[in-house]
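Protein chains in written order, with the working numbering: chain E, 200 to 438; chain C, 200 to 438.
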């Protein structure tokens, strides 16, 4: 047996063991999972890194969560379900869960690329892993896996229900810290689908820096604040 | 047998027949499908109208299309797959497909509410119907149904591949028609996830009216133009 083959099989068997611990089942096609764990910083080309699987996994995760919330809250409106889903698939939260699950240790990425530090590559790896799991065991079992391994252990649904992701407060506190003025202004309202759709702008030092649209002013201004936080690159830690 | 019950059963059996023609299979729980076909303009309350099912169906449709494109284009990058999906789930296109499928005739909505005319209520009904189908027959069969009944008959994938949804040209032509000046300006670039992320603004008569972000300037300016078209309420017919 030649040495390279020996090393590669050794690696595969150690990866299979780590994966089995994280997944709770024996992975089928190991190459699929390898791709899911490989960041583009170490492998160019769509066949080799996890970007395609992340695209797939992101869609599967959204559908799984939609189904879960639809059934868990049979009397709640669509707006509530949409809110809850965005709290659950929040990028930063997924990244933290991925690290706690142990994905950081088995993700292949360029540890010297410091621009990756601020990104959510482990959360993205988790999404890619969900894509691989879906291809391996199908939608229904993936749904069960997501509920058992992600939602139940890491998500506190009762807290999320009452949690108001308060982007406005965060933006206000950032603005006051820097001596800026911040206002929210309703730019327009129009009828859409029989309902009034509001556009609200976040005005920083007199300048419209971001806008949000929703069927009520409160949500529209929260969305404007959220978009402003993203544009200004303000995350939780810096406020 | 009392009259109301007789009428209601008559209606159910006619609806079942229409649905079977459209679906190609016999619907299971008819109440699920009734909810999917009921717009909020005729039924308040989340248990009675199709908004919850639309939320679910939208997520299921996205996942189905993601899976379909992932497998159809095994060598294409995530960006291409994302583009193709947004061309497929385009709201206006879904609305037209829904009408051609015959959903307009069996959707319950307030025909006197003229604000609904401009909206995409039949496309929304189609999404809600996909939600109902998913609850009725599961993910895998729903995927097959979407491919057979929506993608293959109505989507010309080869055309979509080469179709450049040219929002910039549309916005330029609108601006010139109204004697406005239009420019695109790169506002910033920053490193995200190891790649350069560009923010481009659409500047109409010297005023920043919309922005787009993408990993290349071309896509960022298309997104800015798309957002501007939405804000200005410019649709296909008015250009």
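Built from N, CA and C at the ideal position, the CB exists for glycine as well.
For this session: Using a Cβ cut-off of 7 Å, pull out every chain E residue sitting near residue 290 of chain C, in sequence order please.
Result: The premise fails here: residue 290 of chain C is roughly 11 Å from chain E at the closest Cβ pair, so nothing lies under 7 Å.
Exercise. Residue 312 of chain E versus chain C: which residues are under 9 Å apart at the beta carbon?
Worked result: What residue 312 of chain E touches in chain C: 393.
Problem set entry | residue 396 of chain C - DSSP class collapsed to helix/strand/coil | In the three-state reduction of the DSSP assignment, residue 396 of chain C falls in the strand class, which pools E and B.
Exercise. Taking three-plus beta-carbon pairs below 8 Å as touching, is the stretch 304 to 322 of chain E in contact with the stretch 385 to 402 of chain C?
Worked result: In the pairwise beta carbon analysis, the stretch 304 to 322 of chain E is classified as touching the stretch 385 to 402 of chain C: at least three pairs are separated by under 8 Å.
Exercise. When you compare only the Cα positions, how much space is there between residue 290 of chain C and residue 322 of chain C?
Worked result: Cα to Cα, the separation comes out at about 7 Å.
Problem set entry | CB contact below 8 Å: residue 254 of chain E versus chain A | The displayed structure is made up of protein chains E and C, and chain A is not among them.
Problem set entry | Residues in the stretch 273 to 301 of chain E having any Cβ partner in chain C nearer than 9 Å | Close to chain C, meaning a Cβ-Cβ distance shorter than 9 Å, are the following residues of the stretch 273 to 301 of chain E: 273, 274, 275, 276, 277, 278, 279, 280, 281, 284.
For this session: Label residue 268 of chain E either buried or exposed according to how many other C-beta atoms from any shown protein chain fall within 10 Å of its C-beta, with 16 as the threshold for buried.
Result: Residue 268 of chain E should be labelled buried.
For this session: For residue 333 of chain E, collect the residues of the same chain with a Cβ closer than 6 Å to its Cβ; drop the 5 residues on either side in sequence, then sort them by chain order.
Result: Sequence-distant Cβ neighbours of residue 333 of chain E in its own chain, meaning closer than 6 Å and more than five residues away, are 259, 341.
For this session: Could you tell me which residues DSSP puts in a beta bridge with residue 412 of chain C?
Result: As computed with DSSP, residue 412 of chain C is found in a beta bridge with C:398.
Problem set entry | Per-residue contacts from residue 259 of chain E into chain C (C-beta, under 9 Å) | Neighbourhood of residue 259 of chain E in chain C, by CB distance below 9 Å: 262, 265, 266, in chain order.
For this session: Measuring only between beta-carbons, confirm whether residue 240 of chain E sits less than 8 Å from chain C.
Result: Cβ-Cβ to chain C under 8 Å: yes for residue 240 of chain E.
For this session: Tell me, please, which residues DSSP counts as bridged to residue 387 of chain E.
Result: Answer by DSSP bridge pairing, in chain order: E:398.
For this session: Spell out a yes or no on whether the stretch 347 to 355 of chain C and the stretch 293 to 300 of chain C are touching, meaning 3 or more CB-CB pairs, one atom from each, closer than 8 Å.
Result: Contact between the stretch 347 to 355 of chain C and the stretch 293 to 300 of chain C is present: 3 or more CB-CB pairs across the two stretches fall below 8 Å.
Exercise. When DSSP labels each residue in this structure, what does residue 435 of chain C get in the three-state scheme?
Worked result: Unreliable positioning characterises residue 435 of chain C in this predicted model, as indicated by a pLDDT of 49, which lies under 50. The coordinate reading is nonetheless provided below. Helix.
Exercise. So, is the C-beta of residue 437 of chain C closer than 8 Å to a C-beta in chain E?
Worked result: Caution is warranted here: a pLDDT of 41 is assigned to residue 437 of chain C, below 50, making its placement in the model unreliable, and the coordinate value is therefore given only provisionally. So, not an interface residue.
For this session: Starting from the C-beta of residue 431 of chain C, find all residues in its chain whose C-beta is less than 6 Å away, skip the five residues before and the five after it, and write them out in chain order.
Result: The answer is none, since no qualifying residue turns up.
Problem set entry | Burial state of residue 437 of chain C, where buried means 16 or more other Cβ atoms lie within 10 Å | The predicted position of residue 437 of chain C is uncertain, since its pLDDT is 41 and thus under 50; a value taken from the coordinates is nonetheless stated next. Exposed, because fewer than 16 other Cβ atoms sit within 10 Å of the Cβ of residue 437 of chain C.
For this session: Taking the CB atoms as reference points, tell me whether residue 419 of chain E and residue 401 of chain E lie closer together than 8 Å.
Result: No, they are not a contact pair.
For this session: For residue 381 of chain C, write down the residues that DSSP places opposite it in a beta bridge.
Result: Bridge partners of residue 381 of chain C according to DSSP: C:403.
Exercise. Can you list the residues of chain C that residue 246 of chain E reaches, using a CB-CB cut of under 7 Å?
Worked result: Those within 7 Å of residue 246 of chain E in chain C are 274.
Exercise. Grouping DSSP H, G and I as helix and E and B as strand, with all else coil, what is residue 281 of chain E?
Worked result: Correct three-state label for residue 281 of chain E: helix.
Exercise. CA-CA distance, residue 213 of chain C and residue 326 of chain C?
Worked result: Residue 213 of chain C and residue 326 of chain C have their alpha carbons spaced roughly 22 Å apart.
Exercise. Once you ignore the five residues that flank residue 308 of chain E on each side, which residues in its own chain have a CB closer than 7 Å to its CB?
Worked result: The answer, listed in chain order, is 238, 240, 241, 315, 320.
Exercise. Comparing alpha-carbon positions, which option in C:203, C:397, C:415 lies nearest residue 388 of chain C?
Worked result: Ranking the options by Cα distance to residue 388 of chain C, first place goes to C:397.
Problem set entry | residue 270 of chain C versus residue 374 of chain E: straight-line alpha-carbon distance, rounded | When rounded, the distance between both Cα atoms is 47 Å.
Problem set entry | Inter-residue Cα distance where the pair is residue 411 of chain C and residue 360 of chain E | C-alpha separation (whole angstroms): 31 Å.
Exercise. Can you list the residues of chain C that residue 338 of chain E reaches, using a CB-CB cut of under 7 Å?
Worked result: Contact note: residue 338 of chain E reaches chain C through 338, 339, using a C-beta cutoff of 7 Å and chain order.
Exercise. Nearest to residue 220 of chain E by alpha carbon, out of E:230, E:336, E:305, E:413?
Worked result: It is E:305.
Problem set entry | Residue-chain proximity (residue 360 of chain C, chain E), Cβ-Cβ < 8 Å | In terms of beta-carbon proximity, residue 360 of chain C stays away from the interface with chain E, with every pair separated by 8 Å or more.
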